[in-house]
Amino acid sequence: MKKSLLSDRGFSKYLSLIDEIINVTKMKYILFIAMDLALYPFLLVLFIGKYIKEKIQIAQLR
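Numbering (my numbering), first residue to last: 63 to 124.
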(Lines of atoms letter the chains of each structure in order from A and count residues from 1; the text may use other names and numbers.)
(Lines give C-alpha, C1' and ligand atoms only; values in the text may rest on other atoms or scores of the structure.)
Protein backbone atom coordinates (compact mmCIF):
# COMPACT_ATOMS: atom_id res chain seq x y z
CA MET A 1 0.00 0.00 0.00
CA LYS A 2 1.35 3.40 -0.97
CA LYS A 3 1.81 5.80 1.93
CA SER A 4 0.79 9.39 1.36
CA LEU A 5 3.46 12.06 1.47
CA LEU A 6 1.28 14.30 3.66
CA SER A 7 -0.48 11.70 5.82
CA ASP A 8 0.45 13.19 9.20
CA ARG A 9 -0.63 16.78 8.50
CA GLY A 10 -4.41 16.43 8.69
CA PHE A 11 -5.13 16.75 4.98
CA SER A 12 -6.89 13.40 4.78
CA LYS A 13 -9.65 14.81 2.58
CA TYR A 14 -7.19 16.15 0.01
CA LEU A 15 -4.47 13.51 0.18
CA SER A 16 -5.26 11.74 -3.04
CA LEU A 17 -5.45 15.01 -4.99
CA ILE A 18 -2.20 16.31 -3.50
CA ASP A 19 -0.44 13.00 -4.15
CA GLU A 20 -1.73 13.02 -7.72
CA ILE A 21 -0.39 16.54 -8.29
CA ILE A 22 2.99 15.55 -6.87
CA ASN A 23 3.11 12.46 -9.11
CA VAL A 24 2.21 14.49 -12.22
CA THR A 25 4.91 17.03 -11.36
CA LYS A 26 7.49 14.26 -11.01
CA MET A 27 6.42 12.78 -14.34
CA LYS A 28 6.81 16.17 -16.04
CA TYR A 29 10.40 16.41 -14.83
CA ILE A 30 11.14 12.84 -15.90
CA LEU A 31 9.66 13.53 -19.34
CA PHE A 32 11.68 16.76 -19.62
CA ILE A 33 14.93 14.94 -18.78
CA ALA A 34 14.12 12.14 -21.22
CA MET A 35 13.41 14.64 -23.99
CA ASP A 36 16.73 16.39 -23.28
CA LEU A 37 18.63 13.12 -23.41
CA ALA A 38 16.99 12.22 -26.71
CA LEU A 39 17.06 15.63 -28.38
CA TYR A 40 20.50 17.08 -27.64
CA PRO A 41 22.58 14.25 -29.17
CA PHE A 42 20.38 14.42 -32.28
CA LEU A 43 20.94 18.18 -32.56
CA LEU A 44 24.66 17.71 -32.01
CA VAL A 45 24.84 15.19 -34.86
CA LEU A 46 22.94 17.60 -37.13
CA PHE A 47 25.29 20.45 -36.22
CA ILE A 48 28.40 18.33 -36.86
CA GLY A 49 26.94 17.09 -40.16
CA LYS A 50 26.20 20.64 -41.29
CA TYR A 51 29.74 21.72 -40.40
CA ILE A 52 31.29 18.81 -42.32
CA LYS A 53 29.05 19.49 -45.32
CA GLU A 54 30.15 23.14 -45.38
CA LYS A 55 33.82 22.13 -45.18
CA ILE A 56 33.39 19.69 -48.08
CA GLN A 57 31.69 22.34 -50.22
CA ILE A 58 34.46 24.86 -49.49
CA ALA A 59 37.12 22.25 -50.37
CA GLN A 60 35.39 21.46 -53.67
CA LEU A 61 35.29 25.13 -54.68
CA ARG A 62 39.08 25.50 -54.39
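Beta carbons are placed, not taken as given, at the ideal position from N, Cα and C, and that holds for glycine.
Which value, in whole angstroms, describes the spacing of the CA atoms of residue i and residue j?
i    : j    : result
I80  : E116 : 53 angstroms
E82  : L93  : 16 angstroms
A121 : I114 : 11 angstroms
L106 : V86  : 30 angstroms
Y91  : F104 : 20 angstroms
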